[in-house]
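Below you'll find the structure, written out as structure tokens, and then a few comments.
In our numbering, the protein residues as written are 44 to 227.
Structure follows, in structure tokens:
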């Protein structure tokens, strides 16, 4: 998810250092995982399986895919922001279920519901706040974590959000410099 690209196909020389580092993370320790849609450079939506593992926002083609396609270092990204949807009955914009993260450019993702988008944003902000050097992340709104995140904290394991995303409570590591990801 960065400007320079590298292939996630076999052949370590084609993989970026950031992608290689993210691939070394234990997927079982993901903070949250589930399907999101990502908007590509051609304004088309692609369904991909995303995880926030350690301090990386990564995705795969499918949940059972072994090949990581892209990794974004959340310590180097701007805080995510929920994108407004159409006006509601009261005239105020509704939550669209979409959120945006600026890494090297704005990247837009769409969850299955507004609640799931808030959950993803809450988890990403929590990971960013865990890095003392990342002072740009604003405090997460209390509703962003939601009851599923509280359940995960109490159980010490994964909880599932109403939209199907798994939420895991685990620690994060130290920040790394911005790097590259793979482009399909």
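The beta carbon of each residue, even a glycine, is placed where N, CA and C say it ideally should be.
Note that this is a predicted model, so its numbers are computed, not measured.
Item: Distance between residue 63 and residue 190 (C-alpha atoms, nearest Å); Value: Confidence at residue 190 is low in this model, with a pLDDT of 38, below 50, so the placement of that residue should be treated as unreliable; the coordinate-derived value is given next. The straight-line gap from Cα to Cα measures roughly 34 Å.
Item: Straight-line Cα distance separating residue 137 from residue 131; Value: 6 Å
Item: Inter-residue spacing [alpha-carbon to alpha-carbon] between residue 83 and residue 89; Value: 7 Å
Item: Local Cβ density within 10 Å of residue 150, reported as buried at 16 or more and exposed below that; Value: buried
Item: Opposing strand residues paired with residue 79 [DSSP bridges]; Value: 91
Item: Inter-residue spacing [alpha-carbon to alpha-carbon] between residue 60 and residue 133; Value: 48 Å
Item: Runs of beta strand (DSSP E) wholly within the region 108-186 (minimum 3 residues, chain order); Value: 111-116, 124-130, 136-145 and 149-153
Item: Rounded Cβ spacing between residue 142 and residue 162 (contact assumed at less than 8 Å); Value: With 8 Å as the limit, residue 142 and residue 162 do not qualify as a contact, their Cβ atoms being about 10 Å apart.
Item: Expected contact under 8 Å - CB spacing of residue 166 and residue 74 to nearest Å; Value: 5 Å
Item: Check whether residue 112 and residue 93 have beta carbons under 8 Å apart; Value: no
Item: Local Cβ density within 10 Å of residue 86, reported as buried at 16 or more and exposed below that; Value: exposed
Item: Exposed unless 16 or more other CB atoms sit within 10 angstroms - verdict on residue 57; Value: exposed
Item: Neighbourhood of residue 65 by C-beta, 6 Å cutoff - its chain only, sequence neighbours within 5 removed; Value: 99, 101 and 114
Item: Other residues of its chain near residue 108: CB distance less than 8 Å, five sequence neighbours each side excluded; Value: 92
Item: Cβ pair residue 144, residue 121 closer than 8 Å; Value: yes
Item: Cutoff 6 Å; reference residue 106; Cβ partners in own chain excluding five residues on either side; Value: 92
Item: Option in 127, 76 and 128 with minimal Cα separation from residue 104; Value: 76
Item: Same chain only: Cβ atoms within 7 Å of residue 170, ignoring 5 sequence neighbours per side; Value: 74, 95, 98, 117 and 215
Item: Contacting residues, own chain, Cβ-Cβ under 7 Å from residue 128 (five flanking each side not counted); Value: 136, 137, 138 and 139
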